Amino acid sequence: MKELLLTLLLTTTLIGFSQDKNYAGNWSNSGENFENEMTLEKIEAKENSYKFSFFGWRNSYDSFTKQVIKFPGEMTDEVFTIEIKNNSARYNDDVQVFEQGWSLYNAGEKKCNVYFQFNKNEILVKTEDCHLIYGGFGVFFDGVYKKKK
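Take the position in the sequence shown, starting the count at 1, then add 83; the result is the number in the numbering used here.
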């Protein structure tokens, strides 16, 4: 019984410490033909909650101009918030509400989802159905982000 209580105490303590990490700041993910920056701002009124934004670009071939063009993309709005639970978080565009009832999506179209996996020194980001809603042609925010110094 003592061993079980000790194990529970240690597990609870370790889980608590992992959730207290402050991820606020600028994070980047880049390669030869792309660069993305993610900013996380701590929401002080909510534990483990952050406002996030993405800025990025990607060199993509444009068949109209028949050349490689640098296309930009971004996700910046007050509704882009996440709450970290068990080192993971998810944003869904269901929270997007616009005046006068108009929608960012066509009827039946899937809404943007952004998944975050928080590790010690990096954040893994995966998006679904966000292409051309927030990113320019060929711009994705997926990848492994490292904290900028």
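The beta-carbon is built from N, C-alpha and C at its ideal position, and this holds for glycine as well.
A quick note: this is a predicted structure, and the numbers were derived from the prediction, not measured.
State the DSSP-derived secondary structure class of GLN179, mapped to helix, strand or coil. In the structure shown, GLN179 sits in coil (DSSP, three-state: anything other than H, G, I, E or B).
Would you be able to state if there are at least three C-beta pairs under 8 Å between the stretch 207 to 215 and the stretch 163 to 172? Note that the stretch 163 to 172 does not touch the stretch 207 to 215; fewer than 3 beta-carbon pairs, one per stretch, sit closer than 8 Å.
Could you spell out where the beta strand (DSSP E) holding THR164 opens and where it closes? From DSSP, the beta strand (DSSP E) with THR164 extends over 164 to 166.
What is the rounded straight-line gap between the Cα of LEU123 and the Cα of LYS153? Between the C-alpha atoms of LEU123 and LYS153 there is a straight-line separation of about 25 Å.
Alpha-carbon to alpha-carbon, GLY191 and ASP177: For ASP177 and GLY191, the distance between alpha carbons rounds to 13 Å.
Tell me the DSSP secondary structure of THR159 in three-state form. Here THR159 sits in coil by DSSP.
When you compare the CB positions of ASN109 and LYS203, do they come within less than 9 Å of one another, or not? In this structure, LYS203 does not lie closer than 9 Å to ASN109 by Cβ.
What is the DSSP secondary structure of PHE138, counted as helix, strand or coil? Note: PHE138 maps to strand in three-state DSSP.
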